[in-house]
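All remarks here apply to the structure that follows.
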Amino acid sequence: MKITDAKVFVGGPAKNYVTLKIMTDQGVYGLGDATLNNRETLPAAYLQDYLIPNLIGMDPRNSEDIWQFFYRGAYFRRGPISMAAFGAIDMALWDIKGKLAGMPLYQLFGGKSRDGAMVYAHATGADLEDLMDSIAHYVEQGYKAVRVQCGIPGMPSASYAVPETKGEGKHYISDFSGIRPKVEVWDTDRYMRYMPGALAEIRSRFGPDLKILHDVHHRLLPREAAEFAKAVEPVGLYWLEDPTPAEDQDALRLLRQHSTVPVAIGEVFNSIYDCNKLIEAELIDFIRVAVTYAGGITHVKRIVDLAGLHHVRTGFHGAPSHSPLCMAAQAHLNAWAPNFGIQEYLVLGTPECDALFPSEHQMENGMVYVSDAPGLGVDFDEKEAARYSYAPGSHPVVRLQDGTLWNY
Ligand code: CS2
Ligand code: MG
9 MKITDAKVFV
19 GGPAKNYVTL
29 KIMTDQGVYG
39 LGDATLNNRE
49 TLPAAYLQDY
59 LIPNLIGMDP
69 RNSEDIWQFF
79 YRGAYFRRGP
89 ISMAAFGAID
99 MALWDIKGKL
109 AGMPLYQLFG
119 GKSRDGAMVY
129 AHATGADLED
139 LMDSIAHYVE
149 QGYKAVRVQC
159 GIPGMPSASY
169 AVPETKGEGK
179 HYISDFSGIR
189 PKVEVWDTDR
199 YMRYMPGALA
209 EIRSRFGPDL
219 KILHDVHHRL
229 LPREAAEFAK
239 AVEPVGLYWL
249 EDPTPAEDQD
259 ALRLLRQHST
269 VPVAIGEVFN
279 SIYDCNKLIE
289 AELIDFIRVA
299 VTYAGGITHV
309 KRIVDLAGLH
319 HVRTGFHGAP
329 SHSPLCMAAQ
339 AHLNAWAPNF
349 GIQEYLVLGT
359 PECDALFPSE
369 HQMENGMVYV
379 SDAPGLGVDF
389 DEKEAARYSY
399 APGSHPVVRL
409 QDGTLWNY
């Protein structure tokens, strides 16, 4: 069996999805997601210029060897652009494998460990009352877990995940348009003083059963993160996410010595070598890698298995930048993983997105139910894809009040 061709598509409804389609001499094709948020053209170019010319003629069933060939063969290892490109190839090869076997991917991993996988939504408010409304909206829809972010009084601009424009319902619209980033201003002291009390009010309003998550987005120093974790301990958070800059694997030691708050980290990691120390030292409770950014199913499954040895559960990244293909790969891993925790999930299911990526995966009452279709269980409509093109975007940059550049 041979790979005969592969194509890359960039674009989508309000997103620059990077979709890879690998064709074979047996008519079976596979699909993968290489969407590196706000840097989408780079994995696309890597695929087109270097990887696809090598893929043609390879046996698509040898997904492990193909992964090793590209990873080792590049000589310069890791990095988000490479790993997103390898991730798309790997997803597409697993998709082909599942279709050849006539089985959904979770069966190839070891079958189902659960019927539905719990997901969490994003509740956002310009202030606490606004956030309470947003949480109530998701609770009414049946979500059991909600990530909560709100504006901080006296902060000179919107804080992390609180865009200035409010869209329909309780959703805020992230405006990442344009190649030049917007600037947000951050004030650690005000955040540290305000947020623990706000989280406590959310807990008392919604009671003990709601799983409450909060994302610090790498903004605190290790000592500050330890103080913050101690302060929010009575709230009983499901997790505290990215309390410190993620590239320092030792930064969480201090937090761990001072608090038992569950810690989640890893959305910016792209390899097992970014998190092996964290996992082995049991400094975290949830690993947040994404199948797209961390080299596909083959590599992420290794991370999940290492995590399982150390009581670390999964909480895969599920920001809207991941296409339904990545979310499907994660849904199959979530159905199987003995150490599944939770899945971040934003409703992608607009009619436009469903038309571009038809699938039978279901979301109901805050749970995702994986489809039994062979492979990833998601298709890609090339006619629909022709409607979209690339539109450059950027993440905001963050500065302290004196102008010092900080972590977005
Ligand atoms: C966030 C992300 O989902 C999350 O937890 O931290 O939305 C992150 O800001 C984006 O993925 C950046 O591309
Ligand atoms: Mg995050």
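Numbering-wise (my numbering), the sequence shown opens with residue 9 and increments by one. Note that CB positions come from ideal geometry on N, CA and C, so glycine has one too.
Tell me which same chain residues have a C-beta within less than 8 Å of the C-beta of H318, skipping the five on either side of it?
Taking the sequence shown and counting its residues from 1, the one referred to as residue 318 is at position 310. Once the five neighbours on either side are set aside, the close Cβ partners of H318 are I287, E288, E290.
Grab me the residues of A93's own chain with a C-beta within less than 7 Å of its C-beta, minus the 5 sequence neighbours each way, in chain order.
Mapped onto the sequence shown, residue 93 falls at position 85. Cβ within range, chain order: A42, P51, Y54, L55, L59.
Quick check on the burial criterion: 16 or more other C-beta atoms within 10 angstroms. Buried or exposed for A363?
On the sequence shown, position 355 is the one that residue 363 refers to. A363 is exposed by the Cβ-count criterion.
Using 8 Å as the cut-off, classify the Cβ of E275 as near or not near the heavy atoms of ligand 1, replying yes or no.
Here residue 275 corresponds to residue number 267 of the sequence shown, with the count starting at 1. For ligand 1, at least one heavy atom lies less than 8 Å from the Cβ of E275.
Considering only residues of the region 225 to 249, which uninterrupted beta strand (DSSP E) runs meet the minimum length of 3 residues and lie entirely inside it, listed in chain order?
247 to 249
On a Cα-Cα basis, can you pick out the residue from R296, K152, C361, A315 that is closest to Q338?
Indexing the sequence shown from 1 puts residue 338 at position 330. The shortest Cα separation from Q338 among R296, K152, C361, A315 belongs to R296.
In the DSSP assignment, find the beta strand (DSSP E) that holds A14 and state where it starts and stops.
Translated into positions along the sequence shown, residue 14 becomes position 6. Residues 11 to 18.
Alpha carbon to alpha carbon, what distance is there between R227 and R310?
For this step, residue 310 is matched to residue 302 along the sequence shown. For this step, residue 227 is matched to residue 219 along the sequence shown. Their Cα atoms are separated by approximately 29 Å.
Quick check: the Cα distance between A166 and S379, rounded to an integer number of angstroms?
For the purposes of this step, residue 166 is identified with residue 158 of the sequence shown, where counting begins at 1. For the purposes of this step, residue 379 is identified with residue 371 of the sequence shown, where counting begins at 1. Approximately 39 Å, taken between the alpha carbons.
If you count every other CB in all the chains shown that lies within 10 Å of the CB of L408, and 16 or more means buried, which is it?
Working through the sequence shown from its first residue, we reach residue 408 at position 400. L408 comes out exposed.
On the DSSP bridge assignment, give the partners of P112 in chain order.
Locating residue 112 in the sequence shown gives position 104, where the first residue counts as 1. Answer is G383.
Below 8 Å, is the gap between the Cβ of R296 and the nearest heavy atom of ligand 2?
Along the sequence shown, read from residue 1 onward, the residue named residue 296 stands at position 288. R296: yes, Cβ under 8 Å from ligand 2.
Span of the alpha helix (DSSP H) holding Q265?
For the purposes of this step, residue 265 is identified with residue 257 of the sequence shown, where counting begins at 1. Q265 -> alpha helix (DSSP H) spans 260 to 266.
Report the three-state DSSP secondary structure of M163 (helix, strand or coil).
Counting from 1 along the sequence shown, the entry for residue 163 is found at position 155. Three-state DSSP puts M163 in coil, outside helix and strand.
Exposure label - Y83; buried when at least 16 CB within 10 Å:
Position 75 of the sequence shown holds residue 83. Y83 comes out exposed.
Hey, would you say the C-beta of E249 is under 8 Å away from at least one heavy atom of ligand 2?
As a working mapping, residue 249 is identified with position 241 in the sequence shown. Checking the Cβ of E249 against ligand 2 gives yes.
So, using beta-carbon positions, are S402 and G118 closer together than 9 Å?
As a first step, residue 402 is located in the sequence shown; it is residue number 394 there, counting from the start. As a first step, residue 118 is located in the sequence shown; it is residue number 110 there, counting from the start. Result no, Cβ atoms of S402 and G118 do not sit closer than 9 Å.
Going along the chain, which residues of its own chain have a beta-carbon closer than 6 Å to the beta-carbon of C334, five neighbours each way excluded?
For this step, residue 334 is matched to residue 326 along the sequence shown. If we look at C334 and ignore the five residues flanking it on each side, its Cβ neighbours are D41, V299, T300.
Give the DSSP-derived three-state secondary structure of Y3 in the structure shown.
One cannot answer for residue 3 here, as it falls past the ends of the chain, which runs 9 to 416.
Residues in the same chain with beta-carbon distance under 7 Å from S267, minus the five sequence neighbours each way, listed in chain order, please.
Residue numbering aside, residue 267 sits at position 259 when the sequence shown is read from its first letter. The residues are A234, A237, K238, E241.
Cβ-Cβ separation, D103 to L384 (assumed contact under 8 Å), whole Å
Taking the sequence shown and counting its residues from 1, one reaches residue 384 at position 376. Taking the sequence shown and counting its residues from 1, one reaches residue 103 at position 95. Yes, L384 and D103 are in contact; Cβ-Cβ is about 5 Å, under 8 Å.
Measure the C-alpha to C-alpha separation of G81 and D73 and round it to an integer number of angstroms.
As a working mapping, residue 81 is identified with position 73 in the sequence shown. As a working mapping, residue 73 is identified with position 65 in the sequence shown. So the alpha carbons of these two residues sit roughly 11 Å apart.
List the endpoints of the continuous beta strand (DSSP E) containing A153.
Mapped onto the sequence shown, residue 153 falls at position 145. Note, A153: beta strand (DSSP E), 153 to 158.
Is it the case that the CB of H403 approaches a heavy atom of ligand 4 more closely than 8 Å?
The ligand content of the structure shown is limited to ligand 1 and ligand 2, which means ligand 4 is not among them.
Of all the options K105, D387, G357, N46, which has the alpha carbon lying nearest to the alpha carbon of D67?
Walking along the sequence shown from the start, residue 67 turns up at place 59. The option with the nearest alpha carbon to D67 is K105.
Can you tell me the Cα-Cα spacing of I181 and N46, whole angstroms?
By one-based count along the sequence shown, residue 181 stands at place 173. By one-based count along the sequence shown, residue 46 stands at place 38. The pLDDT assigned to I181 is 47, lower than 50, so where the model puts this residue is not dependable; a value taken from the coordinates is nonetheless given after this. Going from the Cα of I181 to the Cα of N46 covers about 16 Å.
State the start and end residues of the unbroken alpha helix (DSSP H) segment that holds G81.
Within the sequence shown, the letter at position 73 stands for residue 81. Taken as a continuous stretch (DSSP letters only), the alpha helix (DSSP H) holding G81 covers 71 to 81.
Look at the alpha carbon of E392 and the alpha carbon of G20, and state the distance between them as a whole number of angstroms.
The count along the sequence shown starts at 1 and reaches residue 392 at position 384. The count along the sequence shown starts at 1 and reaches residue 20 at position 12. Answer to the nearest angstrom: the Cα atoms are 9 Å apart.
Could you give the first and the last residue of the continuous beta strand (DSSP E) run that contains V191?
Stepping through the sequence shown from its first residue, residue 191 is reached at position 183. Here the beta strand (DSSP E) through V191 covers 191 to 194.
Residue closest to Y199, alpha-carbon to alpha-carbon, out of L101, V191, L229, R188
For the purposes of this step, residue 199 is taken as residue 191 along the sequence shown, with counting starting at 1. Measuring from the Cα of Y199, the nearest candidate turns out to be L229.
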